[in-house]
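Going down the list, the protein sequences come from chains A and B. In terms of UniProt numbering, the first sequence has 312 at position 312, counting the first letter as 1, and numbering is strictly consecutive. In terms of UniProt numbering, the second sequence has 407 at position 407, counting the first letter as 1, and numbering is strictly consecutive. Where is the CB? At the ideal position from N, CA and C, for every residue including glycine. All remarks here apply to the structure that follows.
2 protein chains.
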Amino acid sequence: MTWDQLKSYHSERPDSLCPGHPEIEHEGIELTTGPLGQGIANAVGLAIASKHLAATFNRPEYEVVSNHTWCMVGDACLQEGVGCEAFSYAGHLKLGNLTVIYDNNQITCDSSVDLTNTEDVNSKMLACGWDVIDVFDGVNNVEAIVSALEKGREPSREKPLFVNVRTIIGVDSAVAGQAVAHGVPLGKDNVKEMKKAYGWDPERQFYIPSKVREFYSELPARGGQWVNEWNSLLEEYTEAYPDLARTFKDRMTGKLSGNWESMIPKSFPSDPTPTRKSNNMVMSKILAEVPTFMIGTADLTPSVNLTYKNYEIFNPPTLQPISGSKGSCAGRYIHNGIREHVMAAIANGLAAYSPRTIIPTTSSFFMFYLYAAPAVRMGALQKLKVIHVATHDSIGAGEDGPTHQPVELAALYRAMPHMLYIRPGDSEEAAGAWKCAIEYDGGPSMISVSRHAIPQLCGLTKRDGVVKGAYVLREDRQTDVTLIGVGAELSFTVNVANALKDQSIKTRIVSFPSHKLFREQPLEYQRQVLRRNEGIPAVVIEPYVSLGWERFADAGVNMKGFGHSLPGKYIYKHFEYTTDSMAKRVQSYLRDWKDGRIGRGEFVEL
Amino acid sequence: MTWDQLKSYHSERPDSLCPGHPEIEHEGIELTTGPLGQGIANAVGLAIASKHLAATFNRPEYEVVSNHTWCMVGDACLQEGVGCEAFSYAGHLKLGNLTVIYDNNQITCDSSVDLTNTEDVNSKMLACGWDVIDVFDGVNNVEAIVSALEKGREPSREKPLFVNVRTIIGVDSAVAGQAVAHGVPLGKDNVKEMKKAYGWDPERQFYIPSKVREFYSELPARGGQWVNEWNSLLEEYTEAYPDLARTFKDRMTGKLSGNWESMIPKSFPSDPTPTRKSNNMVMSKILAEVPTFMIGTADLTPSVNLTYKNYEIFNPPTLQPISGSKGSCAGRYIHNGIREHVMAAIANGLAAYSPRTIIPTTSSFFMFYLYAAPAVRMGALQKLKVIHVATHDSIGAGEDGPTHQPVELAALYRAMPHMLYIRPGDSEEAAGAWKCAIEYDGGPSMISVSRHAIPQLCGLTKRDGVVKGAYVLREDRQTDVTLIGVGAELSFTVNVANALKDQSIKTRIVSFPSHKLFREQPLEYQRQVLRRNEGIPAVVIEPYVSLGWERFADAGVNMKGFGHSLPGKYIYKHFEYTTDSMAKRVQSYLRDWKDGRIGRGEFVEL
């Protein structure tokens, strides 16, 4: 941070290190916590990462991982649901390496906090399994604050610590203790008055008195010494534990151990398989043997199929649950409880802690990734490497009904920058999806899979096709229409193509697992796949709403509303996704197309 | 419910009243609570509605509104953030008319609850301002349960009640107390064993013993009597308070008092205005005079501009906050705290309680509607009439940076069925947006507005145009390109059109505030507005990602990634939304277009 940069605070400089909201891309910023409450969850993720890596790599007298996580929060963070989830889960996990400092000024944008929140915060924290220390005069009693922080990092600590520091917002200004001090700049006059109150020169700005400068002058040297000490420790560790040290260093540089790609099966069973099971076939060996992966779930272990042989749970070693296994801090399987939002926000913390040392993976039903969406977005914004595994991604999930059947959610993730959203169409494509996700370094991925068994298009689907986002599944030079298929319903295109053949309509089929990957292909490839510029219309079949497909298709067999609670085997019929109905609609569309009844650029919902 | 319908449980019948997940469309279902945790918030909304209408309409000896809200929850609901928000806020509001019954079986999908949650639930509820009653043997001690419920509805109750009932899942089956009893059907054999244990005939299904039938036989008569009693009370009330009774009945039928439309100004100031301020100009008179509206905010009162003259806060009358006004149960302004998700879920409860008697309105920053999205979705799924007001809907919001600058969120709301998402382009269009939202009866609306002042396109914009989703702002029969403008950046199209004119390029301009409304117009109107079938390319200007615009435009000046923290007046330049840059890109595109370098159906990001 240069003096010049410091003065760029809130300025017009796009490269300012001191903008209104600094983000992770600025040096010294470990995480963009984003909208309120997520920072607590991120801190929980950082503390888990630290505990986990310490348990994995530390050896007696060699504490190569030993940092403490400090988290500053305000009144709002305590009210947000994701903050509540984080407090509850951190207390359960007994994260003694986490201290939360609550800047308790009792002011939010609208007024004093008691207008909307009158709970007993300390009691709530104690009930959640935290220790609590009060600092009653947070404005003047620096000693009490320091003492509390020292207690926070006592090595013997067995619970996370909540330091409740009573403060006054805008202290010594004319708006001290008022809501306007929160949302509105203090203004020049007010700042002058404050400076006067402190005995400072009210006219000087960006001025550091020599006393302050002296106080901090030894900081760089102290920091440098710590770095040197740690480097020496690492050298000794390397001598004492050469194999472990090699793994540790590999992990820190993001190198995956073993030849992970060779662990993905070369082929898969040909009988109908839910793609959530395909996930397990693709990944169970990698998950078992590559310790970089930490697998999270929001209470859907039996549904998401991401366990592996002898998997160990991340939990306090002292905890013996009534049912379920005992865990340890070396465990890599995280049961987040029924807390989707915190799961994704914790994953961001895991990913931001020494980037690429841990690849956090989360899992839940696809619809619940709407609960998790604010944290998934923050992962995308920060380009954090997190893999989200979303099952039950189709109306075919059945009984659970429209609340659990996604029809519009894919639009969000297809629109989200940096987000690699993939819907594989069978086990072979699932292999390709995971390959992309593991290799993708520009942000989070989401692998969207089916609850129900879907046909395997053996010999047609290609994992290397997935890498390009879309590819030709079946070509026909002379053709009347391109059918685009996706994910759980990819096989529908094959059925419709066969039905249309009986009507002497020639088709070609494109499998389209990822918008993002396809958009990144050269125009030439895109034209080869879609052939719309040859005058061939493209019809997409996907039981989601059409929004977003208009870019690649001329018409769509898409959902027009929400789903319905019906057993999976009946629901496709209910929404007219039978081969016969779809084929008829495509046929009718092609007649309109040929007769010129469809205007240029008019997407038609069939 | 017929016998035949009862037997359709989990069947293939699409009209089954007993599907896996019954929704609001089925008689007797008051709300679809949807994914976990939202039900608690919905219950809080119902309880607020009841308290509010009672305070508004009841008179001594005439309790025309007096119901109690009962809410059954499981272990998962207590863990979800939205559930935590709801508990905290309900305790603050002292909702004595709400009883939550906690089916405490300590089992979730993955295992026993203590695998992931070991907090002291009762202490947490007490800290949140609830009363707690324990029922230790919820399997056998029916008396204790009844006694607790009776205590719940004691009229003197000043806090909501949490009844902690210990139960055993799958009691008396072979999987009693196990996680499989939660997620997997018990199976025929297991059910037979249970029936044997109860001394029932294991072979009989759907059998109601005469003892049970007798026990319930008087229920219809009892219910009928209550209805009669209430009708008589209403008659007497009508005689005693004829004006109040008329309003009450009007409210129940959804009739808005007064001629609300005439309260919207006929014209607006011509100086640049933030559309969040336009909202207030459009609505403050209506909000003040039409008591059907209840206005919620998540701690952004100074930002959202939805207060009105002498507005009263909904809060316990006994509460005097340190700063801010005292409230009452008759108050119509709801300070939800910093709890966006619960705000939207409470609004669903308010809307579902005697539908159209209350029109709940929520307000926050647009990006925070990602926090609220799961509840907004449930409102859409249930077609509940809720109006969401989202400000800071543009990168132009500035300093707060990419975390607060939406670029992809509109795609979700444009994709969501039943959802009326509108981005008005100035005050005149804001008037149209509110007209649409107030008249729309098919689900929630969202009015998406700017933080910053935007030019007023007086004489060009038309509120009646908004009703059609898109309309021609400026026509030119001989034209080279249609420019599509939206919301906060609508005026950019006019600037670009003027710049292109200097280059002898003829333009026409379309204002496009709502995808949904435009899609509902006849094809003929759509063609008149877009004229793409005349071979005129359309270019949309909106600093969101392009996804969704490919349906209406051939190219777009859209965002390709997230925003940046910069003061509002510099940010457009940073992302090349200057008139000059945009005009050049459109010009270059038109050359490519004319030279045939753009293939059929190829959307181009400029």
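Partners in chain B for residue i, counting only beta-carbon separations shorter than 7 Å
i	result
residue 120 of chain A	127
residue 183 of chain A	302
Beta-carbon gap between residue i and residue j smaller than 8 Å
i	j	result
residue 388 of chain B	residue 446 of chain B	yes
residue 17 of chain B	residue 80 of chain B	no
residue 123 of chain A	residue 127 of chain B	yes
residue 352 of chain A	residue 27 of chain A	no
residue 471 of chain B	residue 510 of chain B	yes
residue 76 of chain A	residue 33 of chain A	no
residue 57 of chain A	residue 248 of chain A	yes
residue 396 of chain A	residue 571 of chain A	yes
residue 556 of chain B	residue 483 of chain B	no
residue 165 of chain A	residue 135 of chain A	yes
residue 437 of chain A	residue 449 of chain A	no
residue 410 of chain B	residue 343 of chain B	no
residue 106 of chain B	residue 100 of chain B	no
residue 516 of chain B	residue 421 of chain B	yes
residue 545 of chain A	residue 513 of chain A	no
residue 358 of chain A	residue 296 of chain A	no
residue 290 of chain B	residue 256 of chain B	yes
Residue i: contacting residues in chain B (beta-carbon distance under 9 Å)
i	result
residue 400 of chain A	20, 21
residue 178 of chain A	323
residue 637 of chain A	The structure shown does not extend to residue 637 of chain A, since chain A is modelled only from 1 to 606, so the question has no answer here.
residue 32 of chain A	401, 402, 403
residue 570 of chain A	11, 12, 13, 14
Continuous beta strand (DSSP E) stretch holding residue i: start and end
i	result
residue 360 of chain B	359-365
residue 387 of chain A	387-391
residue 419 of chain A	Note, residue 419 of chain A: premise wrong, no beta strand (DSSP E); not H, not E.
residue 127 of chain A	Not the beta strand (DSSP E): residue 127 of chain A falls in the alpha helix (DSSP H), residues 121-127.
residue 538 of chain A	538-541
residue 132 of chain A	131-135
Three-state class that DSSP yields for residue i in the structure shown
i	result
residue 165 of chain A	strand
residue 605 of chain A	strand
residue 21 of chain B	coil
residue 72 of chain B	strand
residue 525 of chain B	helix
residue 337 of chain B	coil
residue 33 of chain A	coil
residue 342 of chain A	helix
residue 296 of chain A	strand
residue 556 of chain A	strand
Chain B residues whose Cβ lies nearer than 8 Å to that of residue i
i	result
residue 346 of chain A	Ordered by position in chain B, no residue passes the 8 Å Cβ test against residue 346 of chain A, which lies about 12 Å from the chain.
Host alpha helix (DSSP H) of residue i (start-end)
i	result
residue 101 of chain A	Element bounds for residue 101 of chain A: not the alpha helix (DSSP H) but the beta strand (DSSP E), 98-104.
residue 588 of chain B	579-594
residue 116 of chain B	Looking at the DSSP string, residue 116 of chain B is not in any alpha helix (DSSP H), and its letter there is neither H nor E.
residue 48 of chain B	38-57
residue 657 of chain A	Any answer about residue 657 of chain A is impossible in this case: the structure gives chain A only from 1 up to 606.
Beta-carbon neighbours of residue i, restricted to chain A and to distances below 7 Å
i	result
residue 338 of chain B	36, 76, 79, 80, 108
residue 542 of chain B	Per Cβ cutoff of 7 Å: no residues; residue 542 of chain B is ~12 Å from chain A at best.
residue 287 of chain B	None at all; the shortest Cβ gap to chain A is about 17 Å.
residue 117 of chain B	88, 92, 337
Within chain A, partners of residue i - CB distance below 8 Å
i	result
residue 84 of chain B	81, 84, 85, 88
Proximal chain A residues relative to residue i, where beta-carbon distance stays under 9 Å
i	result
residue 104 of chain B	In chain order: nothing, as chain A lies at least about 13 Å away.
Please go through the region 219-290 of chain B and give each complete alpha helix (DSSP H) segment of 4 or more residues, from N-terminal end onward.
-> Those alpha helix (DSSP H) runs which fall completely within the region 219-290 of chain B and span 4+ residues are 219-240, 242-252, 275-289.
What beta strand (DSSP E) runs, 3 residues minimum, are completely inside the region 426-453 of chain B?
-> Given a length threshold of 3 residues, each whole run of the beta strand (DSSP E) inside the region 426-453 of chain B is given here in chain order: 445-448.
Secondary structure, beta strand (DSSP E): runs of 3+ residues fully inside the region 143-214 of chain B = For the region 143-214 of chain B, whole beta strand (DSSP E) runs of length 3 or above, ordered along the chain, are 161-166.
Quick one: which unbroken alpha helix (DSSP H) runs of 4-plus residues sit fully inside the region 454-507 of chain A? Chain order, please.
-> Scanning the region 454-507 of chain A for uninterrupted alpha helix (DSSP H) segments of 4 residues or longer gives 463-466, 490-502, listed from N- to C-terminal end.
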